[in-house]
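Asks: Chains A and B supply the protein sequences, listed in that same order. Read in our numbering, the first sequence has 22 at position 8, and its numbers run on one by one without any break. Read in our numbering, the second sequence has 634 at position 41, and its numbers run on one by one without any break.
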Amino acid sequence: DAGVTQSPTHLIKTRGQHVTLRCSPISGHKSVSWYQQVLGQGPQFIFQYYEKEERGRGNFPDRFSARQFPNYSSELNVNALLLGDSALYLCASSVGLIGSGANVLTFGAGSRLTVL
Amino acid sequence: GENVEQHPSTLSVQEGDSAVIKCTYSDSASNYFPWYKQELGKGPQLIIDIRSNVGEKKDQRIAVTLNKTAKHFSLHITETQPEDSAVYFCAASRAAMEYGNKLVFGAGTILRVKS
C-alpha cells in the first residue's frame, strides 16, 4: 500500500509569493493533518481536517489555509510568504481520531519550502 | 499553553548499550503519547505509543514508560544498533474529538550509536 504522499518534495519561492502544497492520505484514511517543522525543531500543528471539515487549528496566522477534497486529499496554502515560513511541511493521515484503538498518525516525507 | 520538554538534545552511546530519552508534558489532560523516529530526508515514523491507562509498553528492543502523576514519559532502547541513529521525538495529545488530532512535539533528541 502507498503511504502518505506529498508534492512537491522541494520548492523555492520568494517573499510575498503564494504556495500550494498537496497531500494524498493512505487509502481508507479520512483525516489529514498538517505540521510545520523548522530545522532543528519538532513539528508544529497547523491544521486537521476530518471528513472535509476543519477539526483543529494551531497557532498560525490567517495566511495559512487548507482544505480537504471529497477523495480526502488535502491542500495547504500559504499566502504572502515570509522568510520565516521556510520549513519542512509535513502531512499526516489517520483513519479518524488518534489514540483510539489502533488509530495512529502516519506522516509523509514532507515538502521542503525555501523562501528567499 | 501545552508544552513538551525533551531531554537530552543529543545522546551518544556505544553499540549494544541502552539509550534513554525523557519527556515532560504540561497538559494534565493529555492521554496519548507517541514516539517518532525521523531519519534524514524522511518524515517522522511512529515507533511506539502509549495511552494513559497503561504504565508501560514494550515492543522488542523498545519500551516506553508513563508516569501520569509526574507528567513524565520515557523511551528506552536496549541493545542499540547503528541503524537506531536518528532524531527521536516524543509527543503528547488530548485524543478527544473537540481537540482534533493535534500532537504537541518535543524538540527532539539526536541519537548517535557508535560502532
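We put the beta carbon where it would ideally sit given N, CA and C, even for glycine. Because the structure is a prediction, the values reported are computed rather than measured.
Along the region 56-70 of chain A, where does the CB come closer than 8 angstroms to a CB of chain B? Name the residues.
Replies: 56, 57, 58, 59, 62, 64, 69 and 70
Asks: Whose C-beta lies closer than 7 angstroms to the C-beta of residue 22(A) among residues of the same chain, with five residues either side of it excluded?
Replies: 125
Asks: Any beta carbon from chain A within less than 8 angstroms of residue 668(B)'s own beta carbon?
Replies: no
Asks: Taking the Cβ atom as the reference point for each residue, do residue 627(B) and residue 18(A) lie within a distance shorter than 8 angstroms?
Replies: no
Asks: My output table needs one value for residue 97(A): the three-state DSSP class, helix, strand or coil.
Replies: DSSP, reduced to helix, strand and coil, places residue 97(A) within a helical segment of the structure shown.
Asks: Flag this pair as yes or no: are the beta carbons of residue 697(B) and residue 688(B) separated by less than 8 angstroms?
Replies: no
Asks: For residue 622(B), which residues in the same chain have their Cβ closer than 7 angstroms to its Cβ, ignoring the five residues on either side in sequence?
Replies: Closer than 7 angstroms at the Cβ level, and outside the excluded window around residue 622(B), lie 687.
Asks: Out of curiosity, what's the CA-to-CA distance linking residue 199(A) and residue 101(A)?
Replies: Here chain A comprises residues numbered 15 to 130, so residue 199(A) is not present and cannot be evaluated.
Asks: Tell me which residues share the same chain as residue 35(A) and place their Cβ nearer than 6 angstroms to its Cβ, disregarding the 5 neighbours each side in the sequence.
Replies: 90, 103 and 125
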